[in-house]
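Numbering (the numbering used here), first residue to last: -17 to 544.
Positions of the beta carbon are idealized from the N, C-alpha and C atoms, including for glycine.
From a predicted model like this one, the values you see are computed outputs, not experimental measurements.
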């Protein structure tokens, strides 16, 4: 029986994907193991939002060669945002990663997950002997129907993933679209980059609106993404695969995939495809099953969750009742948008035991007043919003193709804090973006002083090959200067975070206990602040009230009760 190990990097979406991969492998008779040395199949579920994430994977390949010396049958695979073409070493047209990394045997796009057993069988047929009828049949394409049945067994210990890491669905009924050849992809990419260049010069219409038709009578299907858009069947099979959930009391549930925003630094639209939302009834069904099985906290995942149900593909599907939508622009005037409808329906699971509902990440462009209002009305919706700003300078935001201004963002913050004075606010910021001057960085710094987020997920810009910023903008801020700006902003963050935490002294906070070691329990408050206190392992998975006795930069300390 082959043994497998999955190593996950990146955002919550990647961890959610890992749960589905594990479920598929269990279903074909593979057994999960804990160490690389014991594994016959090692899968790296990757993130390529930043160069450092890819560098870590390249570094791991050297280790794989040493492992192969003691296990000649070892299969090394990569999935996630780095992959462009599902293939293996014997494929007629293998992915560029296979050509680049000698230690790599196969790669697969996450939307092709149901085909993973078939890919494995093509390079290791002896793992699928005639006596392994179940594995053999599944490798021929029966994965989707087999994995749907029943709730899978649960692994202990949900990975602690930062809310600010960017994550990255069913589609309208249509036949599968042919994949583009490499030269066609490059041609399409060049066209989109040229369009982005024109948009950033004019700054009148967001790029993703230029790339897709306007909403209204006679809407045509959204144009094909440069890397091809998957068919309904592909994503339906992927999302219908029930995950091997990593925790009994916490779960990540994807509600959509892809992205239409085309931020100039981001590879997600090219790795995940165009934005398309999962049917609401499927999401509700998965969440209902989770809660009935003991889950207390659900985090909804999407690259831009507040645009759930609003893409041209979603509109054309007719599944989201968007007849009252007047135009595709700033959607803050849309009453009771699909995402808010979804939150309201999921909030009803409180009667079945749901305690906490979270989501990540919303986009300032689509943040609605109804969503802010929902935080004041829904009992399960946590008092925390992660709202990425990326830069505090309008010219840099324009260059990033972010579709909003600093003034618009500040107006949202004002509305949020007026409705929710004690809200926990976190954000993402990139320093050292191409062309960022000292004055422009200072604008970001001053914005941080003004907003005083609870947490900033701060990163230094690194070009991602295939994005507009990498192809068309010069990475002209020296590494040393990026580091200086990062540290300066991080020093301010420490002050703001401790200041926010000090405001909890003497107060009770509700904590969902995630771990307990050596008599110290650790969990998060509803505001997404880490809290530790004396306790036992019997409290894991329970909600308890903790009175805060000490407030540190990143964590609160307290005791149960008063």
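Between the stretch 52 to 66 and the stretch 76 to 92 there are three or more C-beta pairs closer than 8 Å, enough to call the two in contact. Cβ neighbours of residue 482 within its own chain (closer than 6 Å, five residues either side excluded): 436.
Taking C-beta separations shorter than 7 Å and ignoring five residues to either side along the sequence, the partners of residue 241 in its chain run 250, 251, 254, 257, 285 and 286, following chain order.
Taking one beta carbon from each stretch, the stretch 264 to 271 and the stretch 319 to 331 have 3 or more pairs nearer than 8 Å; the two touch.
By the criterion of at least three beta-carbon pairs nearer than 8 Å, the stretch 457 to 469 is not in contact with the stretch 500 to 511.
Inclusion of residue 412 and residue 441 in the CB contact set at 7 Å is warranted, their separation being smaller than that value. Between residue -3 and residue 234, the gap from beta carbon to beta carbon is short of 7 Å.
With respect to the C-alpha of residue -12, the residue from 228, 108, 106 and 104 having the closest C-alpha is 228. For residue 370, the three-state secondary structure derived from DSSP is coil. In the DSSP assignment, residue 512 falls outside any alpha helix (DSSP H) and within the unbroken beta strand (DSSP E) covering 512 to 516. The three-state secondary structure of residue 253, taken from DSSP, is helix. Note: residue 437 is bridge-paired with 408 in the DSSP secondary-structure output.
By the Cβ neighbour-count rule, residue 477 is exposed, with fewer than 16 other Cβ atoms within 10 Å of its own. Shown here for residue 521: same chain residues with a beta carbon closer than 6 Å to its own, the five before and five after excluded, namely 495 and 503 in chain order. Short of 7 Å from the beta carbon of residue 29, and not among the five residues preceding or following it, lie these beta carbons of its own chain, in chain order: -9, -8, -7, -4, 35, 62 and 63.
Closest option to residue 277, judged by alpha-carbon separation, among 317, 244 and 339: 339.
Following the DSSP letters along the chain, one finds residue 527 inside the beta strand (DSSP E) bounded by residues 525 to 533.
Take residue -16, set aside five residues on each side of it, and the residues of its chain with a beta-carbon closer than 7 Å to its own are 12, 22, 23 and 109, in chain order.
Shortest Cα-Cα distance from residue 17 to any of 487, 45, 352 and 69 involves 45.
Taking the Cα of residue 415 as reference, the smallest distance to any Cα among 260, 378 and 298 is reached at 378. For the pair residue 51 and residue 0, the Cα-to-Cα distance works out to about 27 Å. In this structure, the alpha-carbon of residue 14 lies about 44 Å from that of residue 487. Here residue 93 is buried: its Cβ has 16 or more other Cβ atoms, across all protein chains shown, within 10 Å.
Here the alpha carbon of residue 534 sits roughly 33 Å from the alpha carbon of residue 332. In this chain, residue 53 is not harboured by any beta strand (DSSP E), its DSSP state being neither H nor E. Only residues of its own chain outside the window of five on either side were considered, and among them -12, 14 and 226 have a CB closer than 7 Å to the CB of residue 4, listed in chain order. Exclusion of the five residues before and after residue 67 leaves 77 as the residues of its chain whose Cβ lies within less than 6 Å of its Cβ. If you draw a straight line from the Cα of residue 346 to the Cα of residue 438, it comes to about 16 Å. In the DSSP secondary-structure assignment, residue 236 is bridged to 283. With distances taken between CA atoms, residue 85 lies nearest to 40 out of 221, 231 and 40.
In the assembly as shown, residue 381 is a buried residue. Its beta-carbon has 16 or more other beta-carbons within 10 Å.
Within its own chain, the residues whose Cβ lies closer than 7 Å to the Cβ of residue 104, once the five positions on either side in sequence are excluded, are 70 and 72, listed in chain order.
Cβ atoms of residue 529 and residue 543 come within 8 Å of each other, at about 7 Å. For residue 24, the enclosing beta strand (DSSP E) covers residues 23 to 28. If you check the CB distance, residue 370 and residue 409 come in under 7 Å. Excluding the 5 residues flanking it on each side, residue 452 has same chain C-beta neighbours closer than 7 Å at 445 and 446, in chain order.
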